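Residue numbers (our numbering): 55 to 418.
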Ligand code: BGC
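Printed below as a string of structure tokens:
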């Protein structure tokens with residue numbers, strides 16, 4: 055008798071298992087990240103997934119490999135799987151068609167880190183204060199080159215790089231940096247070497263922009279500059295928009311005999327606090343980075359998602375609410391801005407290691 059009961063139980067369990075397999079659980083939150091060739095996005099993807107699951111949501115992360123059609127497919131899959139909300143760090147504006155599909159299906163979209171331009175099909179954007187990121191980069195150059203006391207008779211030479219021309223953030227980073235550097239260019243204290251846009255709306259901006267934030271593109275451009283416009287000057291600084299590009303630029307600079315030692319390399323800026331750049335900063339090869347704690351951005355994005363899914367009014371701790379600054383070209387979106395942190399040789403230990411973001415052993 056006992057055996058019969060057991061066999062019956064096992065059969066019920068087995069059938070239950072089969073049933074559960076056929077009955078695919080619905081997705082709650084889709085997490086669409088743009089790429090993995092820039093280190094941070096893997097961390098964003100993982101932190102978002104953790105935060106969503108910690109709140110009891112069924113979530114999934116996908117990476118678009120800097121290919122908008124691939125990412126659109128991934129977002130379409132999230133919609134098909136029944137997602138209630140999708141967090142999107144887009145590749146470029148080509149994402150608008152799937153954002154519109156999401157809206158048609160009443161799926162909420164949050165633009166994550168990068169503003170989705172050209173769309174009026176979503177209402178929320180969460181990011182870091184991108185203009186401030188650029189200001190930190192500009193201020194680092196101002197300080198390192200002592201621009202306040204420099205003169206036009208003995209000018210400083212700076213070359214400009216910007217991020218992807220299809221990433222709205224790249225404009226903000228550049229405009230933030232140039233808000234600090236522009237007066238020095240106008241007074242002749244700074245001489246720009248190579249294309250010299252003074253803000254992101256200048257037609258020359260595309261000449262300093264770096265398609266899809268690709269390191270090889272920045273490296274080749276730096277090499278070309280060294281053989282041409284920068285041939286007969288000694289560069290004092292290079293404005294680099296993020297760490298991935300900063301290291302590619304430093305690699306190109308290091309092959310030039312003018313810059314082949316740590317002491318002769320120009321000041322190079324960065325952003326993201328990537329492991330390799332923290333090592334460069336420690337070694338004096340890269341001057342600074344701007345740390346944007348992706349753990350905080352991910353946690354804040356999921357807090358926002360949670361409130362929106364539940365139909366509650368969001369109140370996001372640690373983020374500044376801004377309803378006036380971010381316009382998609384079609385509407386103003388409600389934005390939440392987190393604070394970036396300036397990192398140099400002086401504070402990298404405290405900001406990047408003591409904070410638990412990296413283990414000391416990672417910065418070898
Ligand atoms: C992000 C940066 C990142 C860059 C390249 C930007 O939109 O804000 O943190 O370095 O994309 O992935």
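Built from N, CA and C at the ideal position, the CB exists for glycine as well.
Since the model is a prediction, treat every value here as computed from it, not as a measurement.
Asked	Found
Who pairs with residue 116 in a beta bridge, going by DSSP?	86
Less than 7 Å separating the Cβ of residue 89 from some heavy atom of the ligand BGC?	yes
Tell me whether residue 221 counts as near the ligand BGC, meaning its Cβ is closer than 7 Å to at least one heavy atom of that ligand.	yes
Give me the residue from 122, 84, 223 with the minimum Cα distance to residue 107.	84
In whole angstroms, give me the CA-to-CA distance for residue 87 and residue 206.	45 Å
Can you tell me where the alpha helix (DSSP H) with residue 173 in it begins and where it stops?	No alpha helix (DSSP H) contains residue 173, which DSSP labels as neither H nor E.
Looking only at its chain, what residues have a beta carbon closer than 6 Å to the beta carbon of residue 101, apart from the 5 residues adjacent to it on each side?	348, 349, 352
What is the DSSP secondary structure of residue 407, reduced to helix, strand or coil?	helix
For residue 74 and residue 115, what's the separation of their Cα atoms in angstroms?	Summary for residue 74: the model assigns pLDDT 47, below 50, so the residue's position carries little reliability, and this model does not support an answer.
In this structure, what does DSSP give as the bridge partners for residue 376?	389
Going by CA-CA distance only, name the one from 217, 188, 197 that's closest to residue 229.	188
Considering only their Cβ atoms, is the gap separating residue 216 from residue 295 smaller than 8 Å?	yes
Using CA coordinates, which residue listed in 148, 160, 127 is at the minimum distance from residue 363?	160
For residue 177, I'd like the list of residues in its chain whose CB is within less than 7 Å of its CB, leaving aside the five on either flank, ordered along the chain.	387, 388
May I ask you to list the residues that DSSP assigns as paired with residue 396?	344
Straight-line CA distance for residue 172 to residue 337?	43 Å
Comparing the CB of residue 312 with every heavy atom of the ligand BGC, is any distance shorter than 7 Å?	no
When the distance is taken between beta carbons, is residue 209 closer than 8 Å to residue 245?	yes
DSSP three-state call for residue 262: helix, strand or coil?	helix
Under the criterion of a Cβ to heavy atom distance below 7 Å, does residue 92 qualify as lining the ligand BGC?	yes
Does DSSP put residue 181 in a helix, in a strand, or in coil?	strand
One question on the structure: do residue 304 and residue 399 come within less than 8 Å of each other, judged by their Cβ atoms?	no
Hey, is residue 346 close to the ligand BGC, as in C-beta under 7 Å from one of its heavy atoms?	yes
Contact between the region 192-206 and the region 250-266 is defined here as three or more beta-carbon pairs at a separation below 8 Å; is this criterion met?	no
Any heavy atom of the ligand BGC closer than 7 Å to the Cβ of residue 97?	no
Have a look at 105, 81, 92, 112 and flag the residue whose alpha-carbon is nearest the alpha-carbon of residue 302.	92
With 16 as the cutoff for other CB atoms within 10 Å, does residue 82 come out buried or exposed?	buried
Might you give, ordered along the chain, the residues of its own chain that have their beta carbon closer than 7 Å to the beta carbon of residue 383, omitting 5 neighbours on each side?	171, 172
Take the Cβ of residue 80 as the centre, count every other Cβ of all protein chains shown within 10 Å, and call the residue buried at 16 or more, exposed below.	exposed
Taking 7 Å as the line, does the beta carbon of residue 217 fall inside it for any heavy atom of the ligand BGC?	yes
Output the boundary residues of the alpha helix (DSSP H) element that contains residue 274.	269-281
Any idea what DSSP makes of residue 138, helix, strand or coil?	coil
Could you pull out every residue in the same chain whose Cβ sits closer than 7 Å to the Cβ of residue 272, ignoring the five residues on either side in sequence?	215, 264, 299, 302, 303
Which value, in whole angstroms, describes the spacing of the CA atoms of residue 109 and residue 354?	12 Å
Shorter than 7 Å, the distance from the beta carbon of residue 183 to the closest heavy atom of the ligand FMN, or not?	Inclusion of the ligand FMN in the displayed structure is not the case, the ligand content consisting of the ligand BGC alone.
Leaving out five residues on either side along the sequence, give the residues of the same chain with a beta carbon under 7 Å from the beta carbon of residue 234.	189, 192, 193, 196
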